[in-house]
Amino acid sequence: MHYIEIESERLLFRKYENRDFPVFYDILSNLENMKYRSSEPKNEDDVRKYLQWGIQCAEQNPCINYRYAVVLKHTGETIGSCELAFTNKDPAELAWELHRNYWRKGYGTEIGKTLLKLGFETLGLRRIIADCNTLNMGSYGIMEKIGMRREAHYVKNYRGNSALNYEWCDKYQYAILREEWNVN
């Protein structure tokens, strides 16, 4: 299947564009945004490579990584990115990253619901998963709000970055099936 642009009540989901660099750099180079990741904040070159990779993902046919720049409808401002990715047809994995100025405003929940709709209604997926650090209450709170259930707690699953003193970190995995989503 080819790349599909989507939207929700307040957000547009579109292909990455080179003009997204300043926002993506601000997100990916900031330790607060990257706190629960295994990798360190990114430098300019890393972010440029990441942006080009995202642009190339949209050109793949069939598309196996639906990666979107997330844009506010009322201002046209890019506030983050998200993805629904799969290597086989099922399961797909959803993820998002929002600029810290847009946390706790319901955008993460709106992104999650929109990606689930894309996965289940448009792409016909059976199962979608997501994971996060067990300390990342914002992320797993979103997963629970959009109807996902916690399936696993992986103990000392990955080494954190400098924000977490390179300690081994636990990770939660969440999932939802199409029939569970239809009920929500």
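Residue numbers for the sequence shown, in my numbering: 188 to 371.
Every residue, glycine too, gets a C-beta built ideally from N, C-alpha and C.
To test your reading of the DSSP string, which unbroken alpha helix (DSSP H) runs of 4 or more residues are found completely within the segment 259-344?
Qualifying alpha helix (DSSP H) stretches, in chain order: 294-304, 324-332.
Kindly indicate which three-state DSSP category Q247 falls into: helix, strand or coil?
The three-state reading of DSSP puts Q247 in coil, since its state is none of H, G, I, E or B.
Between which two residues does the alpha helix (DSSP H) containing I214 stretch?
It spans 208-215 - the alpha helix (DSSP H) in which I214 sits, taken as one unbroken run.
Please go through the same chain and pick out, in chain order, the residues whose beta-carbon is closer than 7 angstroms to the beta-carbon of I193, but skip the five residues on each side of it.
Sequence-distant partners of I193 (beyond 5 residues in either direction) whose C-beta falls short of 7 angstroms from its own C-beta, in its chain, are F200, T301, L305.
Of the residues D318, Y203, M324, which one's Cα is nearest the Cα of A245?
Y203
Three-state secondary structure (DSSP) at I191?
coil
Between which residues of its own chain and T260 is the CB-CB distance below 6 angstroms, once the five residues before and five after are set aside?
In the sequence as presented, Thr is not what sits at residue 260; that position holds Lys. For K260, where only same-chain residues beyond five positions count, the Cβ hits under 6 angstroms are R197, L199.
Could you pull out every residue in the same chain whose Cβ sits closer than 8 angstroms to the Cβ of N369, ignoring the five residues on either side in sequence?
F307
Quick one: what's got a C-beta closer than 6 angstroms to C356's C-beta in the same chain, skipping five residues either side?
N320, Y345, G347
May I ask you to list the residues that DSSP assigns as paired with L364?
R314
Rounding to the nearest angstrom, what Cα-Cα distance links L364 and G311 in this structure?
11 angstroms
L198 bridges to which residues according to DSSP?
L259
Starting from the C-beta of Y294, find all residues in its chain whose C-beta is less than 8 angstroms away, skip the five residues before and the five after it, and write them out in chain order.
R197, L198, V257, I266, G267, L285
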